[in-house]
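Positions 0 to 234 (numbering that gives the first Met the number 0) are the ones given, in order, by the sequence shown.
Just so it is clear, CB atoms sit at the ideal spot from N, CA and C, and this is done for glycine as well.
Just so you know, these numbers come straight off a predicted model, no measurement behind them.
Accompanying notes for the structure given below.
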Amino acid sequence: MIYACSDLHGYPMDEFLRLLDKAGFSNSDYLFVLGDVIDRNGDGGIAMLQWMMLQPNVQMLLGNHEAMLLSCNFLFDEVTDANLARLSALQINMLNDWLFNGAKPTLDSLYSLRKKDPEALADILDYIQDAPLYDMVTAGSRDFLLVHAGLGHFDKKKPLSSYSSGDLIWYRPSPDERFFDDVFTILGHTPTAFYGHPGQMFQTPTWADIDVGAGGGQPPMLLRLDDMQPFYARE
0 MIYACSDLHG YPMDEFLRLL DKAGFSNSDY LFVLGDVIDR NGDGGIAMLQ
50 WMMLQPNVQM LLGNHEAMLL SCNFLFDEVT DANLARLSAL QINMLNDWLF
100 NGAKPTLDSL YSLRKKDPEA LADILDYIQD APLYDMVTAG SRDFLLVHAG
150 LGHFDKKKPL SSYSSGDLIW YRPSPDERFF DDVFTILGHT PTAFYGHPGQ
200 MFQTPTWADI DVGAGGGQPP MLLRLDDMQP FYARE
């Protein structure tokens, strides 16, 4: 079975593992996490990243929050007052943008990890750097495109490799927007409350949004792609 979830945003590890158990997830299954593991809550998602890195059957895609972290990786070379004083205007703007979007828990955890285990910090940064922008899978005789945010500037004739990272990790589709007819798109990024479905998956004829609001306090969901069965932590 193939599962997907998105936008965990520092959700507690123990509660997430209970959700996996509830869905019957096993070592023979595969899980795609559609980005935004980090920021906003708890330890900022660092324990979750470290767990994911050890799982051969878990793949993380890049989200806009991970992209913001990568844009600020200058912070992790050597954090000193002198270094901070030399930040360029562009770097300051990128850091402020990330902080505005909930970076503090993640930064606190990464700074603590850097003191205890610099190699572990480097491994996390490498893991995020290697995360793909999208993936294609087949489950239950159906083809799926997995991506963090959707397909900005969509054109069914345009190859996926031609989309910019911004189109894939920052876009917010309108509820009546259509993507591919022969490949069903699974995305996150936009909390489903935006579409009038807080805490629940929002599905259209060509795509489904599975960001049910963990960044704002709702528990995340799992979606089993083989039969489009959703699993919710509070049901």
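Can you check which of these residues, the options, is closest to residue i by C-alpha distance?
i	options	result
residue 70	214, 92, 58	92
residue 52	26, 211, 122	122
residue 38	150, 143, 109	109
residue 165	177, 174, 152	152
residue 215	191, 46, 225	191
residue 74	90, 177, 54, 178	90
residue 178	188, 158, 167, 154	154
residue 139	224, 46, 105	224
residue 49	159, 222, 125	125
residue 185	195, 207, 171	207
residue 195	204, 173, 205	173
By Cβ distance, which residues of its chain are closer than 7 Å to residue i, with the 5 residues on each side in sequence left out?
i	result
residue 220	4, 200, 209, 211, 229, 230, 231
How would you label residue i, buried or exposed, when you count the other beta carbons within 10 angstroms and need 16 or more for buried?
i	result
residue 181	exposed
residue 217	buried
residue 116	exposed
residue 65	buried
residue 63	buried
residue 198	buried
residue 104	buried
Whole angstroms are fine: how far does the CA of residue j sit from the CA of residue i?
i	j	result
residue 41	residue 193	24 Å
residue 131	residue 25	23 Å
residue 141	residue 175	22 Å
residue 21	residue 28	14 Å
residue 100	residue 0	34 Å
residue 188	residue 44	16 Å
residue 7	residue 15	9 Å
residue 19	residue 226	16 Å
residue 67	residue 233	31 Å
residue 202	residue 58	23 Å
Within the same chain, show all residues whose beta-carbon is closer than 8 Å to that of residue i, passing over the 5 residues directly before and after it, in chain order.
i	result
residue 60	31, 32, 33, 34, 130, 131, 132, 133, 134, 145, 146, 147
residue 137	143
Quick one: residues in its chain with C-beta nearer than 6 Å to the C-beta of residue i, no 5 flanking neighbours on either side, listed in chain order?
i	result
residue 10	213, 219
residue 86	none
Start-end ranges of the alpha helix (DSSP H) lying completely within the stretch 157-197, minimum 4 residues: 164-168
Continuous beta strand (DSSP E) assignments of at least 3 residues falling wholly in the stretch 47-115: 57-59
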